[in-house]
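Below: one structure, written as C-alpha cells.
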Amino acid sequence: MALLGALICGRAAFAETISHTYTIPKPKIAYFADGSAIVELPGAQQDTKALGAPMLPLMLSRLYVPADQHVDAVEVSFGTMQALPGTYKLAHAISPLPMSKGTASAPAEQPSAAI
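With this note's numbering, the residue at position 16 of the sequence shown is 811, and numbering never jumps.
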C-alpha cells in the first residue's frame, strides 16, 4: 500500500509542488498469551493514547517546508487498501503500570464498547 502526500507551496508565480511517497509494508499480526492480537508495521508505533481503544499502528510523518515558502494546499492520496485475512481480537490500550509495582496495582481498563 502506498501513501502519497503533496504540499503545494509558494508565492503566486513561483509556486512549486513538494511530494513524498510512503510505501507501507504488509503488516504482521503478533499474539499475546490471552489470544489478543496487535497489528505490527515496521517503523510504526502502537497508538495507545485512547484507553480501552484497540491498539493499532501509527505512522507519523513530517515534511519540512523551506523558510521562504508557505503552504497553499495539502493533498493526500492512498493506494489500494487491502484487508487482512481472518478475524482478530485486537488488544486494547491500558494505563501504563510502573515495573516496580509488579502486576498487583490498579485493575486494567476493559475494552471500550463505544469504539
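Note that beta-carbon positions come from the ideal geometry of N, C-alpha and C, so glycine has one too.
Exposure of residue i, with buried meaning 16 or more beta-carbon neighbours within 10 Å
i	result
Pro849	buried
Ala832	buried
Reduced DSSP secondary structure (H/G/I, E/B, other) of residue i
i	result
Ser900	Any reading at Ser900 needs caution, since the residue's pLDDT is 45, under 50, leaving its predicted position unreliable; the model's value is listed next. Coil.
Ser872	strand
Ser895	helix
Lys884	coil
Ala845	coil
Leu858	coil
Gln840	strand
Lys821	coil
Chain-order list of residues whose beta-carbon lies under 8 Å from that of residue i (same chain, five-residue window excluded)
i	result
Gly805	Bear in mind that a pLDDT of 49 at Gly805, under 50, signals an unreliable position, so the number given afterwards is only what the model happens to contain. Excluding positions up to five away in sequence, the list reads Glu811, Gln864, His865, Asp867.
Cβ-Cβ distance between residue i and residue j below 8 Å
i	j	result
Pro852	Pro820	no
Tyr883	Ile813	no
Cut-off 6 Å between Cβ atoms - residues of its own chain near residue i, not counting five sequence neighbours on either side
i	result
Met876	none
Test: residue i CB closer than 8 Å to a CB of chain C
i	result
Ile824	Checking the listed chains, one finds no chain C in this structure; it contains a single protein chain.
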